[in-house]
């Protein structure tokens, strides 16, 4: 079994127009920038993207949105230091937004991966975001029913990975990545370091390989925050 | 902050008659034998116990049942190599049994720890174990609603622990332990090794200390399987 | 008939061998406690299979030698196992997320009865005593394929492949294929479909030992297993 | 009145200082993005507090020096942080299990409006634009105590403590205490209960700046904070 491949463009080549794509990361931490840029090169359109945010500046998810690849975004916090890519298109009615509380977003994704079609949560009860959702009382307290989220693809970023698809993460870059790995039909991972099978301590593996389909090594990956400070734009504008 | 204490009898001293107690372990792996025996010494009665099994032989949970401390058991598999302690009392109508599919048991406990009052699962649909439970269809498939499980106390076993209550586990002894740690009002842990705060790699911590109230070091803990092979009985019968 | 059946029928080891021939390279597989566990022994050469056990290991290997058991390294049947390279540990909620979430390629279970609509009864004889379910009701949901290994008939000669289960159900419409001591039967929209049978038994004889109609759909292949 | 208010009222730093005096030793605390984060700066000597950030760290410490940021080690406000000894990492579902599951001792949030029944509005001005909620709706549920730090009135001088929120709600009946620039107010069964006020303002003046009745229940303590 060897889930690792060399070519990042091959890794994302099958993602078609109209797919639902989960993209890991919280802001720039854990965001698979190189996979996103490879997807921009491939250029599928009309995607539904699930991410905590809506991109920042002109790289990563923001660049995908600038390339008009995203028709719907499911996220909790579509604001950032430079949210223009999303804001402009949202206010122009060009991109649909499903706003989900952050913890509910995480739990819906986990539920999608765990075969739980729906669950109840107190989060959002009595607010605009609960409108139209079934409600139920348990032990005298009101809750709303939330459905699971699944995707055709997940693009995630990990620290170490092996050919079985076993993964570890780096600090707070863990965030949504292990959850999205569970909830997508096909999970594509960029790892900072590809190691031989058996080298990662079985106790330390956060995502077991069963949740992973494809691993590509990207040494010294770019960090969204650094790219934005350097005012990088993807794809580079050639004049 | 120092959650570690020296005395195992102090660790369990507050558990009162009528409490609900989660006990970690799958069979003998991960079973906190020394904590259970300390609880037998303390002797509270009329307990509701949540465990995957119903004990084996005459030590651990089986011994608790023999001491007539358990009035209700919530478990998935009350059979073992030597299940007499439970079987005799169950067939005599002295102990109540709530039988729960193993995956549903795990998910109900996680839900209890995660503030999710109820969730839907396909497990058990159309079976005796779904009787009386609300049903609902999602995307054309039928599911049953399951409620969360919480407890007053959890007795769990871990490999390493520190004074903050951060924990790691040993191989398949992990099983229900991290889930029960989340779902109890008070979580009491026996660790094979107590280490200084900061010594466990933050990436390797499985149970963050926020879920733990009390840590007691038990070096070289007993293993249920070994005790049963040696025909041990707790408390020892004095003639 | 009973005596003849006992002579021609496959042993449990042979049924397990036959089921093992269908293990796909690279598959994630959960083998139920007891009889199904035997399938791993017959895993065909050159195929890599990763075994899941619901108590929290992916990638475990065969039993250790006697005296070398580590009782923190056990499978769902509480038997000591070993670890293969690339294995991982996880808690029960994550383990059943793998099961329920559709991540396993195959789950293999034993059966008291399987109905023509795919219903399975394998956890309770309905006779009282102490009921115990374990992970059976979870395992029938989620795996991409759920199959059964079983004798074709009970010890009394009654069909185990039935029109409707009379014993308490484990799951509804969940079984895809049955490997028996006499045949391989798929469950499809029309019910039981006979795929393979022993040479020594006729379709009519097999039908007589089966509690619902055996549909024929194309070739019936030869069920054959080496002496084991 | 506005000018006088501006002279006597506590600064945000002073409100944060006052809230920090109530941090319990050994508490697990989540400080909302922005103003509430300032509370950590004023953590009283001798008390150990463990800070949770919903993006997946328990036990983070202050910002690193400029140039020493690691952008994989950030808080919910996406600011670089450091790690204290005994810290741990976890994914978002586990992180919000801590929040929703009642494991945090305290959550501190900012507010647009707080109603006398404990309703909070702090995520949307209701004016259109791009809505964003983040973890606010989760944080108001589960923590053993949920408190607000805020100016007592809006920039226009309108009450932020109101009889009923007119802005979109973050959560229903979820706030226990409000630390304002003029007072400390608890929310109990009868509504707002005045616990502390600045010496320079009378109860009547405070009532005039509050959108619902301020109940009195025993002593009103002096609200005082050092110059900061």
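Residue numbers (our numbering), protein chains in the order written: chain A, 52 to 290; chain B, 52 to 290; chain C, -19 to 208; chain D, -19 to 208.
Don't be surprised by glycine CBs; every beta carbon is placed ideally from N, CA and C.
Please classify residue i as buried or exposed, where buried requires at least 16 neighbouring CB atoms within 10 angstroms.
i: residue 4 of chain D; result: exposed
i: residue 105 of chain A; result: buried
i: residue 56 of chain B; result: exposed
i: residue 182 of chain D; result: exposed
i: residue 24 of chain C; result: exposed
i: residue 191 of chain C; result: buried
i: residue 99 of chain D; result: buried
i: residue 288 of chain B; result: exposed
i: residue 183 of chain B; result: exposed
i: residue 106 of chain C; result: exposed
i: residue 165 of chain B; result: buried
i: residue 65 of chain D; result: exposed
i: residue 247 of chain B; result: exposed
i: residue 223 of chain B; result: buried
Considering only their Cβ atoms, is the gap separating residue j from residue i smaller than 8 Å?
i: residue 16 of chain D; j: residue 129 of chain D; result: yes
i: residue 117 of chain A; j: residue 96 of chain A; result: no
i: residue 163 of chain A; j: residue 200 of chain A; result: yes
i: residue 128 of chain B; j: residue 153 of chain B; result: yes
i: residue 158 of chain B; j: residue 69 of chain C; result: no
i: residue 94 of chain D; j: residue 158 of chain D; result: yes
i: residue 77 of chain A; j: residue 226 of chain A; result: yes
i: residue 52 of chain B; j: residue 6 of chain D; result: yes
i: residue 72 of chain B; j: residue 203 of chain B; result: yes
i: residue 264 of chain A; j: residue 239 of chain A; result: yes
i: residue 124 of chain A; j: residue 151 of chain A; result: no
i: residue 73 of chain D; j: residue 13 of chain D; result: no
i: residue 148 of chain C; j: residue 179 of chain B; result: yes
Restricting to Cα atoms, I'd like to know which of the options is closest to residue i.
i: residue 198 of chain A; options: A:167, A:216, A:214, A:223; result: A:167
i: residue 273 of chain A; options: A:80, A:231, A:62; result: A:80
i: residue 113 of chain C; options: B:149, B:208, B:203, B:205; result: B:149
i: residue 46 of chain D; options: D:81, D:62, D:199; result: D:62
i: residue -14 of chain D; options: D:167, D:131, D:173; result: D:131
i: residue 163 of chain D; options: D:-12, D:-18, D:106; result: D:-12
i: residue 208 of chain A; options: A:277, A:243, A:284; result: A:243
i: residue 70 of chain A; options: A:62, A:98, A:94; result: A:98
i: residue 19 of chain D; options: D:138, D:71, D:90, D:79; result: D:90
i: residue 205 of chain D; options: D:72, D:-10, D:12; result: D:-10
i: residue 59 of chain A; options: A:173, A:82, A:231, A:93; result: A:93
i: residue 10 of chain B; options: B:146, B:229, B:266; result: In the structure as shown, chain B begins at 52 and stops at 290. Residue 10 of chain B is therefore absent and cannot be evaluated.
i: residue 134 of chain B; options: C:111, C:149, C:127, C:179; result: C:111
i: residue 277 of chain A; options: D:2, D:48, D:-5; result: D:48
Quick one: is residue i near chain D, going by C-beta distance under 8 Å?
i: residue 222 of chain A; result: yes
i: residue 112 of chain A; result: no
i: residue 274 of chain A; result: yes
Using a C-beta cutoff of 8 Å, does residue i count as contacting chain A?
i: residue 255 of chain B; result: yes
i: residue 26 of chain C; result: no
i: residue 86 of chain C; result: no
i: residue 8 of chain C; result: yes
Nearest chain C C-beta to residue i closer than 8 Å, yes or no?
i: residue 261 of chain A; result: yes
i: residue 215 of chain A; result: yes
i: residue 73 of chain A; result: no
i: residue 248 of chain A; result: yes
Under a CB-based cut-off of 8 Å, is residue i close to chain B?
i: residue 35 of chain C; result: yes
i: residue 63 of chain D; result: yes
For the ligand SAM, is there a heavy atom less than 7 Å away from the beta-carbon of residue i?
i: residue 240 of chain A; result: For the ligand SAM, the structure offers nothing, since it holds no ligand at all.
The region 68 to 82 of chain D: positions lying closer than 9 Å to chain B by Cβ: Here the close residues are 68, 69, 70, 73, 74, 76, 77, 78, 79, 80, 81, 82.
Members of the region 117 to 144 of chain D that neighbour chain B once the beta carbon cut-off is set at 8 Å: Listed by position, the residues of the region 117 to 144 of chain D near chain B (Cβ gap below 8 Å) are 121, 122.
Contact set between the region 120 to 150 of chain A and chain D, restricted to residues whose Cβ is under 9 Å from the partner: Here the close residues are 126, 127, 128, 129, 130, 131, 132, 134, 137, 138, 141, 142, 148, 150.
Against chain C: residues of the region 166 to 185 of chain B by CB proximity under 8 Å: Residues of the region 166 to 185 of chain B that bring their beta carbon within less than 8 Å of a beta carbon in chain C comprise 172, 173, 174, 175, 176, 177, 178, 179, 180, in sequence order.
Proximal residues, the region 226 to 237 of chain A versus chain C, C-beta separation under 7 Å: Result list: 233.
Interface residues of the region 91 to 104 of chain C facing chain A [CB-CB below 8 Å]: Contact annotation: in the region 91 to 104 of chain C, no residue has its CB less than 8 Å from a CB in chain A.
Near-chain B residues of the region 39 to 58 of chain C - C-beta to any C-beta below 9 Å: Interface annotation for the region 39 to 58 of chain C against chain B: 40, 49, 50, 51, 52, 53, 54, 55, 56, 58, criterion Cβ-Cβ distance under 9 Å.
Chain-ordered residues of the region 187 to 210 of chain A with a beta carbon less than 8 Å from chain B: Within the region 187 to 210 of chain A, the residues whose Cβ lies closer than 8 Å to any Cβ of chain B are, in chain order, 187, 189, 190, 192, 194, 198.
Proximal residues, the region 146 to 163 of chain D versus chain A, C-beta separation under 8 Å: Residues passing the 8 Å Cβ filter: 148, 149, 150, 151, 152.
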